[in-house]
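Everything on this sheet refers to the single structure shown next.
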Amino acid sequence: MADSGLDNLEERVIVLRDKAAREGIEIPDEVIDFMAHKYSVPQALKGALINVSAYAMRRGIPLTLEVAEHVLDGTRRSRDKKVTVEPYGDSIGPADEPKEDVATESGPIVSEFAEPDLDIEPADRQFDAPGFSQNIEPVSAWKVYPEPDAPLFSYEEYLESATAEEYPVVVPTVEESSAAATESDESRESNAVQSEDVYFVPMRTERKRSLTERAGSALVRAGLGDVIAEGDKVAIKVHFGEKGNTAFVSPIYVREVVRLVKEAGGKPFLTDANTLYSGQRDNAIDHIECAIHNGFSYSTVEAPIIISDGIDGRDGIDIPIQGGKHFETVRLGSASVHADAMVVISHVKGHGEAGFGGAIKNVGMGLGTRAAKQRMHSVVKPNVVAEKCTRCGRCVQWCPVACIGIGPNHEDKAIIDSEACIGCGECVAACSHGAVNVEWGSDKNAFQERIVEHAYGLFTEKGNKMIYLNFLTDISPECDCWSFSDASIVPDIGILASRDIVAIEQASYDMVTEAVGSVGSVGEGLSAGVDKFHAIHEIDGQVAIAYAESLGMGTRNYSIKKIG
Numbered sequence: 103m104a105d106s107g108l109d110n111l112e113e114r115v116i117v118l119r120d121k122a123a124r125e126g127i128e129i130p131d132e133v134i135d136f137m138a139h140k141y142s143v144p145q146a147l148k149g150a151l152i153n154v155s156a157y158a159m160r161r162g163i164p165l166t167l168e169v170a171e172h173v174l175d176g177t178r179r180s181r182d183k184k185v186t187v188e189p190y191g192d193s194i195g196p197a198d199e200p201k202e203d204v205a206t207e208s209g210p211i212v213s214e215f216a217e218p219d220l221d222i223e224p225a226d227r228q229f230d231a232p233g234f235s236q237n238i239e240p241v242s243a244w245k246v247y248p249e250p251d252a253p254l255f256s257y258e259e260y261l262e263s264a265t266a267e268e269y270p271v272v273v274p275t276v277e278e279s280s281a282a283a284t285e286s287d288e289s290r291e292s293n294a295v296q297s298e299d300v301y302f303v304p305m306r307t308e309r310k311r312s313l314t315e316r317a318g319s320a321l322v323r324a325g326l327g328d329v330i331a332e333g334d335k336v337a338i339k340v341h342f343g344e345k346g347n348t349a350f351v352s353p354i355y356v357r358e359v360v361r362l363v364k365e366a367g368g369k370p371f372l373t374d375a376n377t378l379y380s381g382q383r384d385n386a387i388d389h390i391e392c393a394i395h396n397g398f399s400y401s402t403v404e405a406p407i408i409i410s411d412g413i414d415g416r417d418g419i420d421i422p423i424q425g426g427k428h429f430e431t432v433r434l435g436s437a438s439v440h441a442d443a444m445v446v447i448s449h450v451k452g453h454g455e456a457g458f459g460g461a462i463k464n465v466g467m468g469l470g471t472r473a474a475k476q477r478m479h480s481v482v483k484p485n486v487v488a489e490k491c492t493r494c495g496r497c498v499q500w501c502p503v504a505c506i507g508i509g510p511n512h513e514d515k516a517i518i519d520s521e522a523c524i525g526c527g528e529c530v531a532a533c534s535h536g537a538v539n540v541e542w543g544s545d546k547n548a549f550q551e552r553i554v555e556h557a558y559g560l561f562t563e564k565g566n567k568m569i570y571l572n573f574l575t576d577i578s579p580e581c582d583c584w585s586f587s588d589a590s591i592v593p594d595i596g597i598l599a600s601r602d603i604v605a606i607e608q609a610s611y612d613m614v615t616e617a618v619g620s621v622g623s624v625g626e627g628l629s630a631g632v633d634k635f636h637a638i639h640e641i642d643g644q645v646a647i648a649y650a651e652s653l654g655m656g657t658r659n660y661s662i663k664k665i666g
């Protein structure tokens, strides 16, 4: 049974004291009172208590009212200044209209320490966010049901088992000024009725089933058998990660996908396209060596690796698209185009230029040829802030066209040759001192839209022959292209599977938004309901999702189905 709100304040206090007693948490009366006034749903009360106590315990500090306010209200410290981050930023309502704490009723998605009960009833209230204006249920309000008790192992058993019940989750649409979605109120109302299934595998197992097994179950439940026909050549799109990176999706899960593809009658191969930047994956030879280094050998995953755009990144096919703002054709790696079907395995994380990276970026940027990647990046115009430059040379090392130089004198700083610059933005990500700024030109959303149009090219080729698996684990603030992985910005959430690329992206984004920022990460102090990707990168990462919806690639309305 789903949790419902407790109107009686004393009942909320009882829930908190009972939870504290069972967990052995000593909590002051003023903190109990603060939480009881802030949340009404029992699950939210318990989650708040666990998150606050875990924060204090890890830091070895007393659990005080100040600590509780810090964790639950979103006050955090940046590198060089103290800022207060309101849930979802500024309200779009009138200036004198009070901002509403979106976490008030639904509470945070509970952390790894909290109880696994995720049956949460939606609360009726105004959704208050920049770029959103619609009276809807909160995005955190999904209702999930356990699947059948029988263990599911084989592909056939997956197909024979009953499906879970569904509950539609209506998500916000981007306002008209956001170039991505300008649909009318009538079409919004129509979209709100229709939703796509997104299967959710939480980290916690209720029946002692492995995460790999449940991920496979989600993939099959999402419709793997409908995507793959007997004898199909199936591309499994993965990100092999750079050497030194640890956040990419583990080969253990990829092997399970390979097994299921074979059982469905397909012939799987792993694929990715070469990178634009000068790292370990800018040509097929080094790319495959890097993949093997990170565990993607044939003996591990039981499938060969075929680099999609060939040995030097020039083996591509031009695909015409209609309705795009930026391109009439997009160039994608030939192996991905020639494949009969595709399983897209994506690691959800932040991104310095797009804000958010998931399945859309994994397909669009990930399968574009090196020339296509340059076209996608061409709106980025970097420049160096001389007083911040330390002459470390990292920007010079990462520039793929050698357009950055540092003079011989000690006072000389890095200089970017603007005529030779291709706008890839690697220098921005490479600089750890904030000395390289980005000028986005006339439209700061164009970079995300260009990525979407390349994903749209493959979508027009494959359509219903694609299926998606998103991993909400090790959610690093930066892309897996880096040779390191920073701490996860929120606790591990789980794995999602769907046939709809837009629905799975929106569900992924919402779940990270509704999680509480992890202690010790750049997300520390960001409370449930705060857009983590926007708070960290100051980029609206949902532009790509809404633009993909406007191109007909899927819907942002989804129904969550839990696989326990």
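Take the sequence shown: its position 389, counted from the start at 1, is 491 in the working numbering, and no numbers get skipped.
The beta carbon of each residue, even a glycine, is placed where N, CA and C say it ideally should be.
Thinking C-beta only, is residue j closer than 7 Å to residue i?
i	j	result
Cys583	Ala532	no
Phe302	Lys664	yes
Val604	Arg552	no
Gly680	Ser480	Missing from the structure shown is residue 680; the chain here goes from 103 to 666 and no further.
Val351	Ile447	yes
Asp411	Asp417	yes
Ala437	Ile408	yes
Ser534	Ala349	no
Val403	Val363	no
Val592	Val614	yes
Ser610	Gly460	yes
Glu332	Phe429	no
Phe573	His449	yes
Arg119	Gly325	no
Val340	Val356	yes
Ala599	Leu628	no
Ala443	Asp299	no
Gln608	Ile647	yes
Ile506	Ile518	yes
Shortest alpha-carbon distance to residue i belongs to which of the options?
i	options	result
Val503	Asp602, Ile413, Ile407 and Leu378	Leu378
Ala123	Leu151, Ser661, Tyr611 and Met137	Leu151
Glu640	Pro353, Asn547, Val340 and Arg416	Asn547
Met478	Asp519, Ser410, Phe549 and Ile413	Phe549
Val621	His172, Asp414 and Lys463	His172
Met467	Gly415, Gly507 and Asp514	Gly415
Thr307	Val360, Ala317 and Val300	Ala317
Lys451	Pro144, Asp594 and Val143	Asp594
Glu563	Thr373, Gly435, Asn153 and Ala138	Gly435
Ser319	Ile597, Ala648 and Gly619	Ile597
Gly107	Val645, Lys148, Arg119 and Glu125	Lys148
Trp500	Lys335, Thr575, Gln382 and Val169	Gln382
Ala537	Val645, Ser520, Gly495 and Lys567	Gly495
Asp135	Glu125, Thr166 and Tyr157	Thr166
Thr471	Lys567, Glu489, Asp514 and Ile413	Ile413
Thr373	Ala617, Val169, Gln296 and Cys392	Cys392
Going straight from the alpha carbon of residue i to that of residue j, what length do you get?
i	j	result
Gly565	Val486	43 Å
Ala441	His395	25 Å
Val115	Leu174	17 Å
Tyr141	Asn110	11 Å
Ala516	Gln476	22 Å
Ser661	Ile606	10 Å
His636	Gly457	6 Å
Lys345	Asn385	15 Å
Gly654	Gly162	51 Å
Phe561	Pro484	31 Å
Ala650	Tyr558	8 Å
Ile129	Val329	52 Å
Val433	Ala473	The question names Val, but residue 433 is Arg in the sequence shown. In a straight line, the C-alpha of Arg433 is about 8 Å away from that of Ala473.
Ala138	Asn153	15 Å
Ala337	Gly327	15 Å
Glu113	Ser155	21 Å
Phe371	Arg311	27 Å
Asp612	Arg309	26 Å
Answer with buried or exposed for residue i, where buried requires no fewer than 16 other C-beta atoms within 10 angstroms of its C-beta.
i	result
Thr492	exposed
Leu313	buried
Met159	exposed
Pro304	buried
Ile387	exposed
Asp131	exposed
Thr575	buried
Gly425	exposed
Asn539	exposed
His512	exposed
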